[in-house]
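Below is one structure, written out as C-alpha cells; comments come after it.
Number of protein chains: 2
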Amino acid sequence: CVVSSCFRAGEEEQQAQSKKALKKQQKEAEKAAKKAEKQAKLVSVRQETQTLPMAHHCRMEGFLLFYNSCDYKSADRALVRVQDLTPEKAEQQIWVRARIHTSRAKGKQCFLVLRHQQFTVQALLAVGDCASKQMVKFAANLTKESIIDVEAVVKKVEQKIESCSQQDVELHVERIFVISQSEARLPLQLEDAVRPEGEGDEEGRATVNQDTRLDNRVIDLRTTTSQSIFRLQSGVCQLFRDTLINKGFVEIQTPKIISAASEGGANVFTVSYFKTSAYLAQSPQLYKQMCICADFDKVFCVGPVFRAEDSNTHRHLTEFVGLDIEMAFNYHYHEVIDSITDTMVQIFKGLRDRFQTEIQTVNKQYPSEPFKFLEPTLRLEYKEAVAMLRAAGVEMGDEEDLSTPNEKLLGRLVKEKYDTDFYVLDKYPLAVRPFYTMPDPNNPKYSNSYDMFMRGEEILSGAQRVHDAQLLTERAMHHGIDLEKIKAYIDSFRYGAPPHAGGGIGLERVTMLYLGLHNVRQTSMFPRDPKRLTP
Amino acid sequence: CVVSSCFRAGEEEQQAQSKKALKKQQKEAEKAAKKAEKQAKLVSVRQETQTLPMAHHCRMEGFLLFYNSCDYKSADRALVRVQDLTPEKAEQQIWVRARIHTSRAKGKQCFLVLRHQQFTVQALLAVGDCASKQMVKFAANLTKESIIDVEAVVKKVEQKIESCSQQDVELHVERIFVISQSEARLPLQLEDAVRPEGEGDEEGRATVNQDTRLDNRVIDLRTTTSQSIFRLQSGVCQLFRDTLINKGFVEIQTPKIISAASEGGANVFTVSYFKTSAYLAQSPQLYKQMCICADFDKVFCVGPVFRAEDSNTHRHLTEFVGLDIEMAFNYHYHEVIDSITDTMVQIFKGLRDRFQTEIQTVNKQYPSEPFKFLEPTLRLEYKEAVAMLRAAGVEMGDEEDLSTPNEKLLGRLVKEKYDTDFYVLDKYPLAVRPFYTMPDPNNPKYSNSYDMFMRGEEILSGAQRVHDAQLLTERAMHHGIDLEKIKAYIDSFRYGAPPHAGGGIGLERVTMLYLGLHNVRQTSMFPRDPKRLTP
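The following block contains the structure:
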C-alpha cells in the first residue's frame, strides 16, 4: 500500500518504482471492489486519497495519509507526546502527532501551534535546507484542527513562548503527513471557547455561549478547560470506587428499566417495553436495599439515574450519574455517615494531590477559591442550621424544608464560622423526607436523615431506611402511598433485614462544585435537560 | 431508649428502674406522635417492639431489638465476623451478628447454624449455666433467615463440622438479641437453592427453578453461589477499569437517553421525553467515538446498554452492562486489539489469583473446567476459522456470518488445537458488519473488524471505525441508511478525527463464561428479558 512507500528520505526512486507496482495493484483492487459493489459511483475515498498525495517527494513536502491499517506498521517511528517536548530533547529528531491549533504564514516561514489534549508547542517551517517553498505553502494552507504527523528537530528557544504549554522549545519541521483534514470553517474557535467570560466583553473579543458549545461538543471538549474537567471527573469516579473497595464494599449493577415507579410515580420517564410499559429508574435505591437484604452488607454503584423533572436550572439534569452507597451498620446510622464523609474526604484529597494541573487549568478560565474541607467532617443538626439562619434574619419554621437560597446562605454562614466548603446536615424534619426514612427515636418530629453540601449546594441526600415491613407499611400509609404499588419493595424486608443507611451523590454536581463552576452542563459531557437531547 | 437498658448482666434492678422511666418517656413521646400525626391507627412499630421484649432478664434469655439508631452506641461490643471464627479465638467471649441458617431443637439443647455471606458456623444452646429453659425455647422458635446478635464463647471441636465453613469451632451461646425477624414461611429454601442440579433429581430432593429464584431474588442472592458470583463480577469491573487506567485510559460517562436511534432504528426502546420521543442507547459507541474526536485518545465506560430484541435465549438480555473501550491508534488497529486482549488477560489473571474461593464455591454447584488462556492471546483470521470449520464438515460460504452453533463448534476446535478458552477472530467479511466498519485495505471482501470469544461464545464485537466523513457517507449509502438520520454521527468526523478502533464487552457474559455457567440470568442480579421486568 502507498503509505509504506512514503517513508525513508533519499529513496525516492525505489519508492517511485514500488509506487507504480502498488498503483497497479490498487487499480486492480479498485476494479474488483467496483465489480463487487456494483455501484459505479462509490469510489473509495481511501484509494482516492492515497493516489492523490499533495507531493511526490516526501522529504521536502507534505503528504496526505489515510490510516486504514494497511500492513505497514512503523515500529521505528515512535511518536513523542507534545507534553514530553522539553529541553532534554533538544537537537533530537522526533515525530509528533498533533492538531494544528493555529497557523500563521509570514513570507518564507510558517508558524504553527500544535496541540495535543491540554498541551501546545510551537512549530516552525522555513524555506531552506529542511523545507521547500511548496511545503511551506502546503503547511500554510492546512486547516486548523487537522491532525498531522510532523518530523522535526527539537530546538531550545532563547525567550519563553508564553502562548504555549511547552515554553522552552520549538519544533523545526522537516516533514508533514496529514492524518485527518478538518473542514475549513469551524463552528466555534477554540481560543474563544477558553476565554474567561469577563475578558471577552472588555476587549471586545468573542466568547462562546453555552448552546453553541453543547451543539458542537466534539470541538468544545477539545479545549484545555474541558479536557481538564473530564479528566478530573474520571478521577472522582476512580477515587470513589477505590476508597469504597478498600473499605470492603462490593460494586453492584442495578437495572434501569423498572416495572413500577418506586417513588410515587411523579417525574418518571415511561418506556415502551414490548407489549407493555415500563419506567426508567429514578434511583437505584430499591436495588441497593435489596442487596443489603441479600447480605452484601456494603454496596455501591455508579450509573445513570433519570428524572423527568421539568426543571431548567443550573444544577438539574434529566439524566445524571449517581454515585450510590448503601451499607448495613452495626448500631447507629452515623457509622454510615462516617463512611460516606470519609469517602468524600478521600476524593477531595485525591483530586487536590493528583489533579493540580487540571484544577489550575480550569481556574484560568473560571477562577475560584481552593476547595476547603475539615477532618473529621463537620456535622451539624438541622436544628442548629435553622438557628444559624434565624440569627441571620431568615424566618422559617422548625419543620420547614430548606429553600435553595437558604441552603446557599447556610453554606456561607458555615464557611464563615467553620471555614469548610463541605459539611453534613443531619436530623432533617421527618415531614420533609420520603416515607422510607427512619424516624428519629428521640423526637418524632425529626428523622435519621441527612444531606451533604459542597459550597452551599446539596450533593447527597441520604437516610437510615426503615428496615421493618410493618413500620414501612405504616409510614407509606401515612404518606398516602398506594400500598399495592410498593408491595415488592415492602416484601423485600419480610425475610430478615439488617438496619442500614445510604445515600446518592450526583457526580456532575461534585465535579462542578469542587471546581467552583456554575453550571452542571459544564461537567456533563453530553447533558440532557428538558430542552436538550442532542448531541 | 430501651435498647441501651438491656446490656450488662447483673444489673436487672437498675434496668427495671430505668426501664420504667423510659417507658414513661416513651408513652409521652407516643402521645405526642399520635397527636402530631392525627392518625389514631398509626402506632409506631418501633415503640411496640421496644416495649415488648421477649423476656426481661437479658442474661438468660432472648430479646427483640429494633435498630433505629437511638443514642446507644456500643463501642465495647465489637462484632466478630463469622469467617474470622477460627481456633485462635478458642475460649474467647465474643459477639457475632448472623442469620439463622438452620435451627434444630433436641431436648434441652438447640443447635443453630449461623450464616454470614458465604460463611457458616455451628452454635449451641444448652439449658444450664449459660441458658435458661425459656431461652432455649426462645431460640428454637426463631425463624430461619432471622438476623441475630449472639454473645457466645468460642469452643474448639474434636471432630470437624463438615456442614459448616468454619469446621474447627462452634459457639456456646449465652445471649441472643434478635435484630430482624424473618417470616416463618420462606418462598424458597437456601439448601435447595445451592444443590447441584443432578443431585436433586437422584436423591429426590428439591432444586429451585430459575423463575422461582428470580422472583425471590433477595433470598436467592443470599446463597453461597450467588454471593460468590456477584463478588467475582464486582472484581471483573474493578480489574477492567484498573487495567485501563494504568494504560492511560480516561473513564467517560455517556448518555443513555438519545434523540435518534443510531443503528438504523431496529431493536430500540422508545421513551416519552416531555412532549417528544427519545430512545434508549443500544451502545455508547457514537459517544465514545465523539470523545476520540475530542482528543481523549483512550476512553472506556461501564454502563447499561439496552436492546429491544425479542430474543429469549440463554445469553440475551434486554438490558445488560457494557464494558466499552475506544482508542485512537498510531498506525494499525491491531494496537487496539492488543490493548483489549491484554486487558482481558489481566482480568482472567486477577480473577484466578484473587477470587479462587469464589470460583471453588460456584464450582460446587456448577462444576466446570478452569478457564484457560494464552499469552499473547491467540488471534485467528476469519478465513482460517472458515477453513477449520470446513475441515470439520461444515458447509459455509467465505462471506457468510458464523451461526451460534458454528461459533461453539469453532470454540471446541480452537480449544483442541490451541488449548485456549479465549481467542480473537479477526478480519470478518465486510458484508456482515455495520456500515461504520473500516474495510480491509488489502481485500475489499473483508474488514478491519473482530470478535472475541470465551468458551466458544462471543463476548466482544469490535472494529476499526471509518474516521473519514466522506467514506462514512459512502458506506452508509451502500447500506441503504437514511443519511439524514445519521447526520450528527457523520458530522463528528468533519473537524479532524484520528484513526481509531474499539469494542464493547458484555459484563454478564464474561462472568457467565469465565465461571462456565450456562445462563446469563445467573450473572445479572436483576435480569431483564422480554418476559421479565421484576423484581
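Here the protein sequences come in this chain order: H and U.
133 is the number that my numbering gives to position 133 of the first sequence; each next residue is one higher, with no gaps.
Position in the second sequence counted from 1, then plus 535, gives you my numbering.
Using N, Cα and C, we set each Cβ at its ideal position, and we do this for glycine too.
On a predicted model such as this, the values are computed, not experimentally measured, just so you know.
For D149 of chain H, which of H:L190, H:F177 and H:S226 has the nearest alpha-carbon?
-> H:F177
Apply the 10 Å Cβ neighbour rule to D529 of chain H and answer buried if 16 or more other Cβ atoms are within range, or exposed otherwise.
-> buried
For F230 of chain H, go through chain U and note every residue whose CB falls closer than 8 Å to its CB, in chain order.
-> V785, I787 and F831
Label D419 of chain H either buried or exposed according to how many other C-beta atoms from any shown protein chain fall within 10 Å of its C-beta, with 16 as the threshold for buried.
-> exposed
Roughly how many angstroms separate the alpha carbons of A719 of chain U and R639 of chain U, rounded to a whole number?
-> 15 Å
Within chain H, partners of S982 of chain U - CB distance below 8 Å = In chain order: nothing, as chain H lies at least about 10 Å away.
Would A456 of chain H pass as a contact of K408 of chain H if the rule is Cβ separation under 8 Å?
-> First, the amino acid is wrong: residue 456 of chain H is Gly here, not Ala. In this structure, K408 of chain H lies closer than 8 Å to G456 of chain H by Cβ.
State the start and end residues of the unbroken alpha helix (DSSP H) segment that holds Q701 of chain U.
-> That residue, Q701 of chain U, is in no alpha helix (DSSP H); it is neither H nor E in DSSP.
Would DSSP call I229 of chain H helix, strand or coil?
-> helix
First and last residue of the uninterrupted beta strand (DSSP E) at V1094 of chain U = Given a span of 536 to 1070 for chain U in the structure shown, any question on residue 1094 of chain U remains unanswerable.
Starting from the beta carbon of H1002 of chain U, find every residue of chain H whose beta carbon is closer than 8 Å, and list them in chain order.
-> Y67 and S180
Indicate whether the contact test is met: 3 or more Cβ pairs, each with one atom in the segment 493–504 of chain H and one in the segment 190–199 of chain H, closer than 8 Å.
-> no
Closest Cβ-Cβ distance between G303 of chain H and chain U: below 8 Å?
-> yes
Name the chain U residues that come within less than 8 Å of C293 of chain H, Cβ to Cβ?
-> V753
Supposed contact pair V80 of chain H and W95 of chain H - C-beta distance, whole angstroms, cut 8 Å = 7 Å
Report the residue ranges of all beta strand (DSSP E) runs contained in full by the segment 355–404 of chain H; include only those spanning at least 3 residues, in chain order.
-> 378–381
Identify the continuous alpha helix (DSSP H) that holds L1042 of chain U and give its terminal residues.
-> L1042 to Y1049
How about G1051 of chain U: is its C-beta nearer than 8 Å to some C-beta of chain H?
-> no
For Q628 of chain U: DSSP bridge partner residues = U:V688
Look up R528 of chain H in the DSSP assignment and say whether it is helix, strand or coil.
-> coil
Assigned secondary structure, A1011 of chain U (DSSP; H/G/I helix, E/B strand, else coil) = helix
For the segment 350–381 of chain H, enumerate the residues whose C-beta is nearer than 7 Å to any C-beta of chain U, in chain order.
-> none
Proximal residues of chain U, C-beta to C-beta of M452 of chain H below 7 Å | Within chain U, no residue comes near M452 of chain H; the closest Cβ sits about 18 Å away, beyond 7 Å.
Span separating the alpha-carbon of G134 of chain H from that of S146 of chain H | As written in the sequence, residue 134 of chain H is Gln, which differs from the Gly given in the question. Between Q134 of chain H and S146 of chain H, the C-alpha separation is close to 19 Å.
Closer than 8 Å by C-beta to L317 of chain H: which residues in its own chain qualify, once you throw out the five before and the five after it? Chain order, please.
-> R307, E508, V520, R521, S524, P527, R528 and D529
Touching or not, the segment 820–827 of chain U and the segment 849–868 of chain U, by the rule of three or more beta carbon pairs under 8 Å?
-> yes
Please list, in chain order, all residues of the same chain as T586 of chain U whose beta carbon is under 6 Å from its beta carbon, the five residues on each side excluded.
-> Residue confidence is low: T586 of chain U scores 33 on pLDDT, short of 50, so the model does not pin down where it sits. Its coordinate-derived value is still stated next. Excluding positions up to five away in sequence, the list is empty.
What does I147 of chain H reach in chain U if we use C-beta pairs closer than 8 Å?
-> G1031, A1032 and P1033
For E854 of chain U, the residue or residues it bridges with in DSSP = U:F841
Do the CB positions of V929 of chain U and F908 of chain U come within less than 8 Å of each other?
-> no
Are any of the Cβ atoms in chain H nearer than 8 Å to that of K1022 of chain U?
-> no
Could you tell me the distance, in whole angstroms, from the CA atom of P376 of chain H to the CA atom of M454 of chain H?
-> 15 Å
Tell me whether S182 of chain H is buried or exposed, calling it buried when 16 or more other Cβ atoms sit within 10 Å of its Cβ.
-> buried
DSSP-derived helix/strand/coil call for H636 of chain U = strand
Are three or more beta carbon pairs between the segment 760–775 of chain U and the segment 890–899 of chain U nearer than 8 Å?
-> yes
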